[in-house]
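Remarks on the structure that follows.
Numbering (our numbering), first residue to last: 691 to 1237.
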């Protein structure tokens, strides 16, 4: 009943009562009329307040929904293109390269998976390798992004650049003043090849001197006889200036260095030019000093049978490679039939890392300069979960971590007068050193603090072990590395200890025999036996239909 009806109804009641009760005064009638009007006004005000509150809350709700949609679209739903600010292009030539920067600047490279969401970047730094897509619409393809120098923060890599080369400028400044000088990496890297030092040459101009092996090759000197054998390495390190470059250059020959240069695709000058720009030389040296993986991918491509990622290009300190699967860690607890096939592919890796020439000899004298024949790449990383990636469709295995790999030109080694044609056998004690390093998580080095590859000796190898790889034509190092890595991952509580679960005991014992070699050629026999065991076991565990 509305207020107007209430008013007239009450007036009618007063009229009827007034007719029956003549002593009701007119004052009381007016009082009742005023009371009824006040009630009506109060009801109107209450209704207005309720409407106002409803409108305010409706507006706030709409604003909240719009804000939520915007935030979801920006942080969660949007396929976020890679922010060009994280590429660190301005630090070149202290970078990996610039060959595909235009693709990044157009926004054609976008994060995939969880990193499509910008919200994930707030909780996890985009400093590590990430899956992404390159291209738009139907041309998009899956790629993998890597930041050169990870897991070291960018400023740590900058420090690694600034502390190399002769420290020119302010010769009279104190050490405190020098320490306060700001590190500017794109300027400091020019000290790596200074142009104002006296050099030998036809005109004395260091700019005209080409890159040569001596720039990156580490001098190897035999230490003097020390009383305490445990101090040999320490005394040697104190007497010999350590190199600033990676293990990939430890055994560098002139032929290898020319091959690395000829296949380096990040040159800003034209390929037909015989002289390199100093800018290009510094980018090349930066890769070899901080993280040589991109150079290895370019020099030893997948198209020639090497089990490495396919290199696409670089922009700043980020490299782009083809997508070749997920880390082996995701398959450590897979069904037995799948792990058997993965292990068989892993056992093929040692043969794929050793490349003979076209004539079948590994040390012919006329090896071609522009070919990858006559080279062997020795594994220097032993963390099984991150060492390999696996294609979920084909189960192909790719060597994903080559940061501490050692490249040997076996053609050059064969020319040495004292070169041995016998196979070098890795000392079984190397397994003890490796187990200690894996247990303390030191096999990836201290790159988070050093910002570079940490010198020419891999973290979980002794200096003597690495030197022997440089001075022998043949070595069973890669076979030992695969056997030891698989066996050590099976023992203890390591992150991938389920990979060998359920396999025949004969296979485990073969791995043990492989690690504890009895002489030249023995590990190769154990490798063949391990493959035979896997093939027989695979026949008993066929791939399920519809998998």
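Beta carbons: idealized from backbone N, C-alpha and C, even for Gly.
With H, G and I counted as helix, E and B as strand and the rest as coil, what does DSSP make of residue i?
i            : result
residue 840  : coil
residue 937  : helix
residue 751  : helix
residue 780  : helix
residue 853  : coil
residue 1155 : helix
residue 980  : helix
residue 786  : coil
residue 1112 : strand
residue 1162 : strand
residue 1045 : strand
residue 906  : coil
residue 1017 : strand
residue 1102 : helix
residue 771  : strand
residue 737  : helix
residue 1075 : helix
residue 872  : coil
residue 1092 : coil
residue 967  : coil
residue 848  : helix
residue 726  : helix
residue 975  : helix
residue 742  : helix
residue 732  : helix
residue 1040 : helix
residue 955  : coil
residue 883  : coil
What is the residue span of the beta strand (DSSP E) that residue i lies within?
i            : result
residue 800  : 799-801
residue 1174 : Not the beta strand (DSSP E): residue 1174 falls in the alpha helix (DSSP H), residues 1167-1180.
residue 1011 : 1008-1012
residue 1098 : 1096-1099
residue 1002 : 1001-1005
residue 1078 : 1078-1080
residue 993  : Run containing residue 993: none; DSSP gives neither H nor E here.
residue 1122 : First-last for residue 1122: 1119-1129, but that is the alpha helix (DSSP H), not the beta strand (DSSP E).
Between residue i and the rest of its own chain, which residues show a CB-CB distance below 6 Å, the 5 nearest in sequence each way excluded?
i            : result
residue 784  : 851, 875, 876, 879, 976
residue 1050 : Summary for residue 1050: the model assigns pLDDT 45, below 50, so the residue's position carries little reliability, and this model does not support an answer.
residue 748  : none
residue 830  : 823
Based on the DSSP secondary-structure assignment, which residues constitute the bridge partners of residue i?
i            : result
residue 1319 : With the chain covering 691 to 1237 only, the question about residue 1319 has no answer from this structure.
residue 758  : Beta-bridge pairing links residue 758 to no other residue.
residue 1087 : 1080
Within 10 angstroms of its Cβ, does residue i collect 16 or more other Cβ (buried), or is it exposed?
i            : result
residue 1138 : exposed
residue 732  : exposed
residue 828  : exposed
residue 993  : exposed
residue 752  : exposed
residue 848  : buried
residue 1200 : buried
residue 1149 : buried
residue 743  : exposed
residue 1122 : exposed
residue 758  : exposed
residue 1119 : exposed
residue 781  : buried
residue 738  : exposed
residue 1101 : buried
residue 1032 : buried
residue 735  : exposed
residue 937  : buried
residue 983  : buried
How would you write the range of the alpha helix (DSSP H) that residue i sits in, first residue to last?
i            : result
residue 1239 : Residue 1239 is absent from the structure shown; the chain starts at 691 and stops at 1237.
residue 1062 : Unbroken run through residue 1062: none, as it is neither H nor E.
residue 1227 : 1212-1230
residue 1200 : 1195-1205
residue 944  : 944-952
residue 1034 : 1026-1037
residue 1140 : 1137-1140
residue 1185 : Careful: residue 1185 lies outside any alpha helix (DSSP H) and carries neither H nor E.
residue 791  : 791-795
Excluding the 5 residues flanking residue i on each side, which residues of the same chain have their C-beta closer than 7 Å to its C-beta?
i            : result
residue 1192 : 1026
residue 1218 : none
residue 940  : 908, 1096, 1146, 1156, 1160
Cβ of residue i versus every heavy atom of the ligand PLP: is any distance shorter than 6 Å?
i            : result
residue 1101 : Absence of the ligand PLP from the depicted structure is noted, as is the absence of any ligand whatsoever, leaving it without description.
Within a Cβ cutoff of 8 Å, which residues of the same chain sit near residue i, ignoring the five residues on either side of it in sequence?
i            : result
residue 1089 : 997, 998, 1039, 1043, 1069, 1077, 1078
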